[in-house]
Each structure stands twice: as C-alpha cells, then as structure tokens.
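Residue numbers (the working numbering), protein chains in the order written: chain A, 220 to 839; chain B, 847 to 1027; chain C, 648 to 1152; chain D, 27 to 333.
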Amino acid sequence: MNSLLALLIVPVIGSAAAAVLQRYRLVERLITFLTFSVTFLFLFEIKIGDILTWHLDFLGKNLEMGLQITPLSIFMLYMTIAFGIVLTFYNLSERSKMKGFLLLLTLAASNWIFMSTDLIGFFFAWELMGWSSILMIFGGKREEESRHGALYYAMMSIGGSYSMLIGIFLLSNLTGTFSIQSNVSYLTLILGLHPWWVLGIVSLFFVAFMVKSGIFPFHTWVPHTYGEAPDGFVPYLSSVMSKYGVYGFLIFLPLTSGAHVPSVLGLAWPNYVLLWFGSVTAVAGSVLAFMQDDVKKLFAYSSFSNLGFILAAIALFTPIGLTAGMFHAFNHLLFNGAIFITVIAVISKVGTTRMSEMGGIWQKMPLTFLTFFVGIAAAAGIPPFAGFGSKWMIFQAMISHGLIFATVLLFFASIASFLYLMRAFHAIFLGQLSHKYDNVKEVSAIGKITEVFLLGALIFFGILPGFVLDPINSIVNSFGLKPLPTSGYEYINGFFSSINMVSIFIVVIVTFIFGFALFAVVAKHKKVPQEDNYTAGQIPQDWNLTPEMYQFSYDFYEPMDKELAPFLKVKIDGFFKGFGESVEYIGEAIKEIFTGNVQIYTYLAVGGLVIFVIAGWVVW
Amino acid sequence: MSEWTEIVDYFRGRSMWMLHYCTGCGAIELPPTMTSRWDMERFGITPMATPRQADILLITGYLAIKTLKRVIYTYEQMQAPKWVLGFGSCTINGGIYWDSYNVIERLDKYIPVDIYIAGCMPRPEAILDAFVKLKEMVQMGEAKGYEKYVKNYDWYKANQDKVLKRTSPVLKEIEKVTKIG
Amino acid sequence: MKTYNLAALLVGVPLLMAFSIPLFGFISKQLAKWITVLTLGFEFFFGLYIFFWHIYPFNVIMGNWVPPFGENLYIGPFATVLIILVSFVGLMISIYNLWSANHGDVVHFALLFLMFVGGSIGLISTGDIFNIFIFMEITGISSFALAAYGPERRALGGAFKYLVISSIGSTLYLFGVLLIYTQLGTLNIAEIAARISQTTSGLLTFAGILLVAGLAVEAELFPFNGWVPDTYTGAVNPVSATLSGIGSVGGIYVLFRILMTVFGKDGNFVSTYGNMDLMALVAILGSATVVIGELSALVQKNVKKMLAYSSMAQMGLVAIGFSIGSKLGAYAGVFQLVNHSIAKAMMFLILGVIVSFGIGEHIEDMKGLWYKSPFLTLAFTIGALSLLGLPLFGGFWSKFALVDASIQRGGWYDFVIAIVLFASVVEAFYYLRIVGYMFTSKPTSTDKIKVSISPAVPIVAFSILIVAIGIFPQIVGGISWNAAHELTDKMGGYVLNVIPTIVGH
Amino acid sequence: MVIVEFLIKLSQGFGIGALALATGLLFGGIGRKIMARIQRRYGPPFTQNFMDLFKLLSKGSVSHGWAFDLGLVAGFAPMLAALMFLPIGPFTLLPSDSSLIMIVYLMMMAYLGMAMGVLASGNPNSAIGMSRALMLMVGYEVPFAAVIFSVYLFSKTGYLTQIVTQQAGGFMNWNIVKMPLGFLATEIALQGMLGEKPFDQAIAPAEIASGPMVELGGKYLGFGMIQHSVGLFLETGIVVDLFLGGAPNFWIFIAKQFVLYFIVILVDAILPRLRIHEATSFFWKLPLFLGILQAVIVIIQGGVLNV
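In structure tokens, the structure reads:
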C-alpha cells in the first residue's frame, strides 16, 4: 500500500473498527492508540517530495486530486500524530467520554489537510475534521453546556467553511483548476493587477482559518467549546486542531510577500493587518484568561492567546518570523499538551472544573504537579524549557521591523500570561487542600509514563531546540526564504544574539544544586501541616474554619477588572449571540406563515399566483 | 563549637524582630519607641507582621482568657529561638484587673517570660532598657525561656488547661510543640 | 428514435399489481405487503437494467402511433435516474412497511402505496403534458388517502389541507396546459418544445406562470407549500418518507421538464421563452423557500415538523440548482434531489422506529438516543450530515456542485448562493441540535431499542448508499451528468430523440 | 581541561554570587540608614542586613511540605543563574549568552519559583500578596520591555556586553544621553521592580501581614532576602549596563548602581503606597508613554534593521 494513502486509510479503518467495538471501552481506546501508532510508523516510510495523484470524475470534469509531502506538511504530520499517540496513550487509563472513532476520523482529515495538493481534497478534509470534532464535543460532561459549546463551534466553523467554499470556487472559476499550487501562483501573478480582488478572495479563506485557530474577532467559540469538550479531547482540540488554521495561513501567506502591495514598515499591509489581528488576539486571550475561574476556559483563552503569537510571527513572513512562528507552534503543542493533560488528570480526580473549588492538589499528585509546573514555566517562556526560544524569537522578529506597538502588546500578553498561569497554578495545585480531596490519588502508571514523557520533552526540546529548528529551516527554505544560520543543536540564533541553551541549562542546574546544598546546610526546619498557618492568632478549629474557606483563589485579580473594565465592554461574543437570537426571532415570525389554517394557505397560493401574473405577465 | 554558638548568639542579639501583641493600653507606648525620638531600629529591632518571622513576642497589657489562647497559639507558631517580653503590670499581677474573673494574673504561668517590664505604663525608655537587657541576655546565652517551655511543657499545659478548660494542645500534635527548631 | 416497448411494464406493472392487491389481500395481508415489495423490486432492477445496459434514451410507443400523433413514454437519462431513485426509495419503504403497516386497512394501504409509486413513475416517464396531469391526479389521490392513513386524528387534517392545495395546483396546471393547447394544438412535449416559439409571447408567459404555480405545489415551493408541514407531520412516518422521497421528486421533475424542455431557450444558461424568464422566477421562489423553510425549521421543537420544513428548504435548494440553467446547475439539482430523497426518507423512517418505541417526537425526547440505540443515532446523524452537505456523505458533493454552479453563473446568483449558504448555517444549527440531544444527554429510561430486521434493512441500505455516494460521487455523478445534459440541450437531449424528423425553431 | 575550565567558572560564579549578595545586603543596609536619616532617626548600622541574614539562616523555621522548600530554592537559584550573565564592570562570566531578554526571563523564573513556594504554604495573605505582585509586574514590565526593545534597535544587538561596549568613550556616549526618555521610564519601572514605595503593595505588612512572606521564617525568609538582595544587584546592574555605560571596574560599577538605588530610596522615603490598580495603571500611562516615545524616536532615527 502506498504510504501516503495509508495515512488516510489506516485511520479510517481504525475508525470503523472503533465504531463497531465502541461498546467495549478499553478495546476502543486500545484501537485508537494503536491506530495512531501505526499511522506514525507509516510516517517513516514517506519522505519529502512523495506525491500521489488520482482523478475524480466530478462536476463533469476529470479533476486531478492528490497528496504531496512538503517540508511543512511532514513537520505538521510528525507533530500532530506524535501528540495524538501521547494523548491516546494517556486516555487508555482515563474514563472520559471521548469517542475514539471520531478522533480517528479527525486524524484522517488532519493528515489529508496537511498533504492535500488540491482545494477539493483540502475542503473535504477540512469539513470532515469539522464535523467529527463537533460530534466529539457533544460528549462533554455537562450536557446543556457541551451542546451549546459544540453548536457555537459548529456555527462558527461552518460559517467559516462556507466562506472558504465561496473562495475556492471564485478561484477555480478563474483558473479552471483546483490545484492549490497553481491557484496560489496565479494569485501571485495577478496581485499587481487586481490587488483588491486577490485580497478579497484570500480573506474569504482567512476567515475559515481564523475561525479554526480562534483568532480575534472569531475567537468567541473557543472558551465555550474548549470549556465543555470531553476532557480527553480538549488537549487535541487546543494543541493540534488550532494548528490547521496556521497551516492554512502558511499556504496563502507567500502571496503578499511580493512587492506589489503598499507596505507599512517594510511589511506588505495585508501582513501588517494580520499581524495586528494576531497581536490583539494575544492580548485579548491573555486578559480574558486571567479572569476565568473555570480551568478549561482559562486554558482555552491561553491557547488562543498563543495562537495570536504564532499568527503575528508568521504574518511577518520573514525568515526569523516564520521560524519563530513555526517554532512557537511546536512549543505550544508541547506545553499546551502537557498543561491540558495534567489539568484533565486533576479534573478527573476532583470532579470539578472550577478552580476556586480546588487547591492543594500538589500534596496528592506530586508528579502531575511537577509536570504542570514545567508546563507553565514553558508557557511563560522561561528558559531553559521549550517555549522560551520561540517567544524570544518572536519578539526579535517583531522589533527588528520596528513594530514597537505590536511588540509591546505582545510583551504585555506574555507578561499577562504569568498572571493566568500563576492563577491556575495556585488555585489548582497550591494553597489549602480541601478535606473533600483527602482520597485523591496520583494518576495511574500510564498517566505517570505520559507525564514523565512530556516533562522530558519539555526539557529536551528546551535545551536542544536544534532538533526542531532544523526541519523548520527546511520549511523556511521551501518558501524561498533564506533560513537562519545554524550553529549546533543547542543554539537558538536570532537577529540580536544567539543563545546556547545547554549552557543556560547547566548554569541553572548548578545554581539549583548550590541552592539545595545551602538549604540543607543551614538551620533545620520542621514540617507542619497546612492548618498550622498564620491566622492572626485565631485558632482555625475554634471558628470551624475549613481549608477551602482559607483558600484565596476566587476573583484572584479583582483589582485588575477595574482597570480593564472599559476594554471588557467590547463584547464580540454578544454580537454573535445577538445575531443568532435575532435570526431565531425572525424564524419565530416567519413560522407564523404556516398557521395550519387551510384558508390561509389557499390565500397564499392564490395571492402568489396573482402577484406573479401582475408582476410577470403585465409588468415585466 | 562554643565559639560558633557565641557568634550566633551575638548576631541573634543584634537582630531581633518583634511581634507586638497589643492587647491593652500599652500599645500606645510603641509608636514613640519605634519612631524618631527613641528609634529602636538602631538596635536592630524591627516590628514584624507574623509570628513566623518574629523573635520577640511583646505582650503589652492584660490578657483576658480569650486573648490568652491566641497568645499561646501565636507563641507556639513562633520558631526557636524566641523570647517573650511581658509589658506592664497587667502581665505581672493582673494590674487593675487583678480581681477580674476572666483576666489572668501572671503570664509566666502559661508561657515562659524572659523579661517583665514593670510599670503602668512603662515609658519607652523602660522598653528600650528591656530590649537592651534582652540583647545582653541573648548574647550571654541566658535567655532560654523557649527551652524551659519545652522542658516543662506539662506544667504549662496544666496551667493553660485550668483556665482554658480544654485538654487538647493548641497545635494538636504535641510532639511538634515539644521539639525545638 | 430508439424504441423499447417492453419498458411500458415500468408503468403498467405497478398499476396492475396495485389494483390486484385486494385479490391477494383475500389470501393474506402479509402477501399484499410482499407483493408491494416484489413489484417495486422489479421496478428497481428494471431501472438498473436500463441504466447499466445503456438502453436509454428510448421511447415507448403505444400502438405503433408514433409521436406526436400517439402517446409515448420517453425514458431519457433524467427519467432513468429518477425512476431508479423512486423505485429504490419505494422498495425500501415497502420493506419497512412489512414491519410498520400493521394496523387498520393494511391491504388498501399497500394498494395506495403501490399506486402512488406507479403514478410517480408514470409521471416521470410520460411524454405528454396531459398525461402528466393524469398521473399527477393518480399520485395525488393516492397520496391524499395515504396521508390520512393512521390512527392519529391530525393525519386527517393534514390530508385535507393537502387535498385542497393540491387541487388548486392541479387546476392551475390544467389551465396552463389548456392555454398551450389552444395555441399549438398538441399535447406532446417534444412537439410543443420544438414549436414553442410560435406562440404568442404574452399568452405563453401566462401559461407558464400557471404551470409554475400549479407544479410548485408538488415541488413544495413557497408560497404554494402551505400543506407541507401539516401533512408531513400528520401522516404516519413511512408516508411522510414517501411524500418527501418520492412525491416531491415527481413535482420537481415535471416543473423542470416543462420549464427547461418545453419552455426552454438553449444558451449557455437556459432561459425560457415568453415575456419573463420563468427560470429566474423559480430561482426567486427557491431562495424564498430555502430561507423560509430553514428559518421556520429553526424554531421548531417537534422533530417531525422540523424535518418537514427542512424538506421544503431542501426542495428550494434543488429548485435553485436547476434554475441556474447551466449544465452544472442541473447536475447539482439532480444530485441534490437524489441525496435529499435518500436522506430524508431515511430520517422519517428512523423517526418512525423511534416513535414506535413510545418515544415522542419532541426534540427533548431525542435525549440520550445514543445510549438506547447507537445504530439509529448514527444513521440519523449520517442523514443529517448528508443534508448539511458535510463530507464523507453524499450531500457534500451536491452542495459543492451547487455552489460551483452558482458562482459560475455569477451575477445575482452570487446573492442567491449567499442566502443559501446562510440558510445552510441555520440548517446546520437545528440538525446538529437534534444530533446533540441524541449524543449528549443521558436518557431518563435506559431501555435499549431493539430494531427488528425489516426496518433495519432500509435504514442500513440508505446509510450505506449515502456514505458510498460520499466517498465515490461517481456513482451518481455520471448519470446525473447525462441527465443535466438532457435538460440543458432540449433539442438534442429530448426533442430529437422523440421525434427525429422535427425541425426546431 | 573542560573540567578545569568548569571549576574555574564555578569558583568565579561563586565569587560573583557572594559579591552580589554582599553588595545587595550592603545597599539594603545603607538604604535603611538613609531612610532613617530622612526620618530624623539614627537608624540601624549599615551592616544590619548581614546580621539579619545570619540570624535568619541560623533560626528555626517551619515548612509546609516539599513544594514549599522547592519553591524557595527555585526562587533563589534562577536569580543567581541570571546573575552569571550580567556584565559586571569589565567582567562577564558567560559573555556569549548575555542576552538581555534571557536575563529578564530568568529573573521571572525566580519570581515564579518564589510564588510557588509561598503559595504552597496555603496562606491567603500570601496569595493576595502574590496576586498583587503579579499585577504590579504586568505594570512595570511593559514599559521596561518598550525600553529594552528600543535599546535593541538602537544598539542593533541583544548582547548586554556589546551594549556596554558601544557606550565606551565617555559620558556623551552613554545611552542615558542618547535615550533620556527611556532612562526615565526605566527608572520608574525600577521603583516597581524593587518593590519600593509607592509600589510596595505586595508586601503590605499592616494589611496582609507582609504578603508573600507571611509564612516564611528562618532560613526561608533568609532565602527570600538573598533573592531580594541579588535581585537588587541584578536589576540596578542591568540599568547601569543599559544606560550608564557599564563601568571600567567593579567599584565604579557599584557606585553607579548605588546612584540608581539612592534615587529609588529617596522616592521611597517621600511617597505613600498606592492602591494596586492605581499602581498598575500608572505604569501603563506615563512610563509606557515615555518608553514608547523613546522607541518611536529610535525608529525614526533609522533604527529599523534591514530584513
């Protein structure tokens, strides 16, 4: 079997098997995991430049469809499937309501998206991925909310797809082909002649990508959906599925790199606009994130904030911008996966997603706690973990263009990410342990293996970023740009400086050892329980003070709300909801036509006829 | 080893952080002690906010039974080495509350007091004098009230129970209380 | 002119069997039902035979009177695809009826059902506009009775409304035919089509409007579709499936046979003779139907009524597809028609199974169906996703083609397609809401639904077909393309095949 | 050979750490003395902070679990690690990696570790203090970032060593002359970084019992103090390297640092504490405006790299 085809066929077969055997939960999960693994094995068979074409007799034409492996697609494939393996492995031990056959359908769609050479296949896979994920979200824990979340996502997603559909046909009617390659090069060709026209078409595509990645102002579905999706699926949703939009952007971004468009600060203005979309997304995501009390919503906002970083970086479409964006996409996949997997591990143990009801879990789940800690350290961009390099490169890429406002916004988002990460860290893991959770246990052995693996990956790719940067450089090369210089696996090279991550790692390790040594040498400490705490002299037991009453995590950043209140008044969510409501209102009114009274129907029919006769026969 | 202890004691005496448990009218004497006129910071004595950080527990007045409980709790939350200063007559003999039904008369029946400052009120000079005296005692290795508390915990506990009408130790785990540092 | 008179059996057999069913009914009620299945099976395989052996296009000449003098049946590509579709859907519903039709007058139900399907096949294959009227009446009368069938009182109300509106439609149609006949003196479609330009333009337009109005009743286009929600909701589920999967196919067929073949003016985009472009009129009607249908369905809480409204909206989509007038548009229309018939019929049948287990029709009653019957839920989901035009299912390709056709036509069709896509988003909302109810909520009672073999067969067959079309659109693609070709090339595709000697004008 | 080199670096690093700690503690002591004199007190001896630290390290303490311990060490170690990349006068331990942003982020890791430790204690006061500290951080880091980026653009390098080298050759070459607005913004941000009034909301002893430090005693508080002292050295050192042209030798470096710290102390002495949201929004107004204005000026002067 052709390996390219196998990447599509294997998941579909696995999906069918999982659907048939879905009654036996463990078997289904095992099939899901094995299918991901087998798909991954097929990845070793393929290499850049592999191509597979076939013909589809449709629309009265003999349409050529195909799959092709580019540096970008192979990077994406490795990234997403490997993450899928980790997630499905973790899910072997979880009792979440994730439906394996839908996940495998999503995998097939995902592989197709990354490999498709034609718009038909791309759109087919895009929609397939769309509906399988929508159905998946229906399996959330809270019925009403998960249905609402899924429908919200469905509306935005389908709206975006239709926008892309129109774009596809506007394009193919011009060029007479569905091939992505020829369409993009055609657009590049006529960009100088009809810039507005090209931008119009491209923005039809971009709407779909923005919806999928949750870019401002199409981000509103993200918290609703991530917050309610089944726990086992959320990591996939936020780590992998948000990258489809990034991939889409990368298909069309080379267009505007030509010099035919007016530029701002050496940047074609469509790129400039996209960059601002990205920056605003990053800020909005961060700000909204630190006001959440629901942990899944918090990290949903966090996720789309990071997508803002990625978009801002790739919108630059310079070597360093592209490298930084792709690198951040990879890092985001990694740390977001680690964070979400640990978060769902906690959720499955404590049975709530409200952070104000958690606290002190670190005593019960130490490994999960450590993984989460390294995850948020990476998310905050702290060296030497994965996440630092990419953020640092993004800032360099931005500032080297003199984009000071956008850079400061991004930096603000980056600092604000500390706020929401610390909030989650504190409210979930630190602080007082409620007696409710006295019986909480650490994750199972499978979970531990997953967590150790993620922990290792976060450190490994943090100190040896070259393993990611090398493939990214070949992506940059394939876009016709000159890749950044490389000087070894441990180096991150930028404009302003290059950093040796291993040396930082060693320094940090040495100082840590020194710190522990000092800690051990000086005066001894004694361990006390958490109830023995400063209470201004009050004895907690006398006041029936429970640990949860002594945990401050609700409305953690309340003073900030005052300052940001004017910005929060802009409710895009409300716009979409209001739109939906008015459609429903109109529907309510229109429904009244069908009263159930046959006389009315007769009048309608006769009235219609009379109008036709007058309008058509007499007036027309 | 004794040289090391001496050095440690010397620095401990030069850096004493104080937690003032202001129960009665004595608190009014502390602001002048801290501020420009008498400036206790020149002896390295600084007010602290929590028992975890403090070395000195300064009790500035009468102790109702209700407050006694909190004082014991706070004292036990402090870490060795720690010292108690009883401030004013009330901590010595109950002062004007000597016959009150719910005020204790002698503080050192409940927690070990290193130095009493007599007077009603003691002037800031007296407070500073006590601080200096305590410093000297610490540097000489004489102020060992906290060790006395551990050694004679049963006696202190019995006295505490008598007035507090309760049997369990304030900090629950008895072995934690009876262990120094 | 190819002739193949044996194909008269296509119309003859079902009608003959229909009227002999009471005889079989004397022997056994089961036998009556099985006769239906066998007859429709014969129809289906005959249709496949015609298709696979490439016998079409051909004529059936009655008594050696060649058209235009005699009556004829013309079975071209368009008729072939619809005959296969109608007989397949009919076959499946009749298999379903083996299980479902077990109360009341089973024998007469079988009679009416067979008569309805036979009438529909006749409607599709006849080459004479007056015979169209006759077959319309045959299907009409049988469907009124079918709609009234069942234990529920609301069926009577629905049937009555259908009766009234449908009669108006038939009358208008007859007027239209009359006007044409006064002008040309012939009822043969081919001859009228060839000589249509000889008529008075104004009168032709008037006739056209009457015809459109009359046929829009069956084709479920606004404002002539008032009967749809009540009748569909009132009738028992297999009847709703029949009306939606077979009845509307006939309506759409006649509408566009007349507009495109009879009135049509060849060009890049087919338009009609007369003062006004009736194709544009139908496009407007179609858009209005889509919007009104989808928005009305949006606020419905009764699943069956929602399906009825959605049915209306889907027919609007089909009408828009045909009315584009290009080959691609007709192709999209045929494709959409096939997908809609299969999916909607299946969904009504699933609803029938669900209702038979004492679960209501309200959307809240769908809660937790997944836990009761994953099979029905998956099948319903497949149907819904196909109607939404999502990939892996047939509907994807037809919607794809529809958008392509509209954008290729350009002009004001860009707005039409924008409206259609907006309405599709609305449609996605209400279908996914049902699916969501089925998937998310735990049911109050966890009794498993055991689906017996007879209703399972059609549901499985429909699902497999939907997925098969979704993966291999060529299954419907080729024949739909031929049908589109026939529709857009009226002389080459139709007229010359019926009357080779005629000269077009 | 590598091992010898490593050991040399290790001992040098140890020396730098000790030096920075000593300087930081000394600054703290002098700061207390200055403060006392402004308030017309005699004040503690300027070695007071050394004595305090010694006492703290020798005093008993309580721990709330291993996360508490780990957090304190994780708050202390990265700060020390960041110090290794700071050019101190002519000397830099690891010059090739002295990227400014990296130092800033390493410092943030110290805050993160510290936060982990104090929050593990489970005291609401420390949580409130930590939330205030973080909100304040959102305030001062933003103008500081604007300044850092304008220095990047101006110097066309991100290495702190090179930024220092470019300022060689007298006062007129210092960045404070070339970028006065940026320096002003930095100076205000420094006030917040060091947590001095009016930006000492996180450690409000009277309201929230010294905030994050509420449960820290003995060596834990000692570690906190070390972190603060090293942080003081590091933060003033960065500003010296950025704006005051570095220094030819260690003593001048310290002198320049002290000038910066002196300004901070003076401001601290005369201003009351702001409410936390006032403080944060203050940073988003004047200092941010100054920082961005500086960046715009740099860009207009032709600071954009050719990419």
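For each residue, glycine too, the CB sits at the ideal point set by N, CA and C.
Item, Value
"Minimum Cβ-Cβ distance from A:THR613 to chain B less than 8 angstroms", "Contrary to the premise, residue 613 of chain A reads as Ile rather than Thr in this sequence. No, A:ILE613 lies away from the interface with chain B (no Cβ there is under 8 angstroms from its Cβ)."
"Proximal residues to A:VAL430 (C-beta, below 8 angstroms), its chain only, five neighbours per side dropped", "MET375, SER376, GLY378, GLY379, PHE437, TRP440 and GLY464"
"For A:SER329 and A:PRO489, the rounded distance between their alpha carbons", "27 angstroms"
"Proximity of A:THR336 and A:THR251 at Cβ, strictly below 8 angstroms", "no"
"Within chain A, partners of C:PRO1038 - CB distance below 7 angstroms", "PHE343, GLU346 and LEU347"
"Short Cβ contact (8 angstroms threshold) for A:PHE559 with A:VAL662", "no"
"Proximal chain A residues relative to B:LYS915, where beta-carbon distance stays under 9 angstroms", "GLY756, ILE758 and ASP761"
"Within-8 angstroms CB hit, B:GLY890 to chain D", "yes"
"Rounded separation between C:ILE1126 and C:PHE725 - CA only", "8 angstroms"
"Short CB-CB distance (under 8 angstroms) between A:ILE339 and chain D", "no"
"Cβ neighbour criterion (16 or more within 10 Å) applied to A:VAL671", "exposed"
"Option nearest C:PHE735 by Cα separation, candidates C:GLY898, C:PHE1062, C:ALA966 and C:ALA888", "C:ALA888"
"Residue-chain proximity (B:GLU849, chain A), Cβ-Cβ < 8 angstroms", "no"
"Proximity test, Cβ basis, 8 angstroms: A:THR396 and chain C", "no"
"First and last residue of the uninterrupted alpha helix (DSSP H) at A:ASP780", "777–787"
"Chain C contact residues for A:ASN392, given Cβ-Cβ distances below 9 angstroms", "ASP1051, ILE1054, GLN1055 and GLY1057"
"Per-residue DSSP class, three states only, for D:ASN75", "helix"
"Neighbouring residues, chain C, relative to A:SER365 (Cβ below 7 angstroms)", "THR1087"
"Where the segment 664–684 of chain C meets chain A: residues whose CB sits under 8 angstroms from a CB there", "none"
"Per DSSP, cross-strand counterpart(s) of C:SER918", "C:LYS912"
"Extent of the continuous beta strand (DSSP E) to which B:ILE891 belongs", "891–893"
"Identity of the residue in A:VAL687, A:ALA643 and A:PHE592 nearest A:MET577 by Cα", "A:ALA643"
"Straight-line Cα distance separating A:VAL802 from C:LEU1079", "17 angstroms"
"Amino acids of chain D, ordered along the chain, whose beta-carbon sits closer than 9 angstroms to that of A:ILE601", "PRO104, TYR131, LEU132, MET134, MET135 and LEU138"
"7 angstroms Cβ shell around B:GLY991 - same chain, five flanking residues per side excluded", "TRP929, VAL930, PRO958, VAL959 and ASP960"
"Residue ranges of each beta strand (DSSP E) within the segment 857–913 of chain B, 3 or longer", "862–867, 891–893 and 902–905"
"Close beta carbons around A:VAL483, own chain, < 7 angstroms, minus the five adjacent residues each side", "TYR491"
"Any chain D beta carbon closer than 8 angstroms to A:LYS781", "yes"
"Where C:TYR1141 falls, given that 16 or more other Cβ within 10 Å makes a residue buried", "buried"
"Counted within 10 angstroms of its Cβ, other Cβ atoms place D:GLN65 as buried (16 or more) or exposed", "exposed"
"Per-residue contacts from B:GLU887 into chain D (C-beta, under 9 angstroms)", "ARG58, ALA62, ARG67, TYR68, GLY69, PRO70 and GLN74"
"8 angstroms Cβ cut-off: residues of chain A touching D:THR118", "In chain order: nothing, as chain A lies at least about 13 angstroms away."
"Distance cut-off 7 angstroms: A:THR336 Cβ against heavy atoms of the ligand ADP", "Judged by which ligands are present, the structure shown has none, so any question about the ligand ADP falls away."
"Minimum C-alpha distance to D:GLY218 - residue among D:MET163, D:LEU47 and D:GLN320", "D:MET163"
"Nearest candidate by alpha-carbon position, reference D:PHE175, set A:ALA739, A:TRP762 and A:PHE614", "A:PHE614"
"Touch test, the segment 237–245 of chain A against the segment 935–947 of chain C, Cβ-Cβ under 8 angstroms, three pairs minimum", "no"
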